[in-house]
Amino acid sequence: MKFLTLALLGLLLLQTRSAPLQQATTTSLPEKLTTTEFKRLITDFSEPGGDFLSDNLISNETAYLPVLNKLQELNASGGAYIGVGPEQNFSYIAKIRPRIAFIVDIRHMAVTQHLMYKAIFQLSADRAQFLSRLLSRPLAQEKPLTATASMAELLKYFSAAKADDKAFAANFDAIRQTIEKDFQIKLAEFDLKELDYLLKNFKVDGLDIAFRLGGGWS
């Protein structure tokens with residue numbers, strides 16, 4: 081079975097406080113990847129997709145945060161992170177603070193999805209802006225959420241906010257341009273269909289989005 085490989089974010093070459101043993105394995109890493117290097121990893125490592133019986137837009141794991149206890153016990157930090165699938169990796173990456181991270185997955189759409197996430201991260205100054213773009217739910221002009229908004233405030237707002245078609249179109253265009261111009265990765269027609277499919281699912285389902293059988297995208 082062949083796997084598709086995605087160099088997640090390319091920017092996760094971070095300064096970390098690693099244990100001495102781990103420092104010996106990370107000193108040869110550059111401080112960050114160039115745009116050309118990131119593009120090469122995406123284009124050279126990725127392979128054509130296939131047909132599947134489910135969409136894996138978010139994790140299908142019932143629980144994954146308990147793994148963090150083991151990571152703490154092992155004093156895991158720095159180095160290179162290798163994960164699989166969608167968003168659950170961000171929790172591990174935030175805790176481990178690796179110098180570089182890779183996501184591997186059999187679905188071609190995983191590449192498009194993480195490029196989408198990378199673009200939204202770059203376009204958004206804070207968590208509220210990130211969720212606004214991901215879910216196509218504009219932030220209120222009056223009493224807007226601030227960068228210091230709590231998780232409870234974010235959940236309350238985006239659970240009630242309505243999706244907006246104009247916001248979706250603007251977000252899609254901004255994400256596409258960021259991937260193609262800033263990351264220098266040309267999106268083929270098939271990639272654009274995947275991006276449209278991804279964003280529409282987050283727009284329609286909002287915070288209720290879940291792993292589901294069916295869908296059958298690549």
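The opening position of the sequence shown corresponds to residue 81 in our numbering, with each subsequent residue numbered one higher. Glycine is no exception: its CB is placed at the ideal position from the N, C-alpha and C atoms.
Cβ neighbour criterion (16 or more within 10 Å) applied to residue i
i	result
glutamine 257	exposed
leucine 89	The predicted position of leucine 89 is uncertain, since its pLDDT is 40 and thus under 50; no value can be drawn from it.
asparagine 169	buried
threonine 226	exposed
alanine 240	exposed
DSSP state of residue i mapped onto helix, strand, coil
i	result
leucine 195	helix
serine 134	strand
glycine 286	helix
isoleucine 122	helix
alanine 156	coil
phenylalanine 263	coil
alanine 247	helix
leucine 293	strand
tyrosine 277	helix
Reference residue i; option with closest CA among the options
i	options	result
threonine 228	Ala205, Glu222, Pro178, Arg217	Ala205
glutamate 111	Thr142, Leu151, Arg179	Arg179
arginine 187	Phe282, Ser126, Leu203	Ser126
threonine 269	Leu214, Ser157, Thr192, Asp185	Here residue 269 is glutamate; the residue named in the question, threonine, does not match the sequence. Minimum Cα distance to glutamate 269 is reached at Thr192.
proline 166	Asp185, Ala249, Glu117	Asp185
isoleucine 183	Phe201, Lys223, Asn149, Ile122	Ile122
alanine 190	Leu275, Val284, Pro224	Leu275
isoleucine 255	Leu214, Asp131, Ala220	Leu214
glycine 159	Lys280, Tyr197, Ala220, Leu109	Leu109
Cutoff 6 Å; reference residue i; Cβ partners in own chain excluding five residues on either side
i	result
glutamine 264	Thr115, Lys119
tyrosine 144	Gln168
leucine 211	Phe238
Cβ neighbours of residue i in the same chain (closer than 8 Å, five flanking residues each side left out)
i	result
leucine 151	Tyr172, Lys175, Ile176
Residues near residue i in its chain [Cβ-Cβ closer than 7 Å; skip 5 each side]
i	result
glutamate 141	Gln168
isoleucine 259	Leu195, Ala199, Ile265, Leu267
Within the segment 200-241, note down every full alpha helix (DSSP H) run reaching 4 residues or more, in order along the chain. 207-215, 231-240
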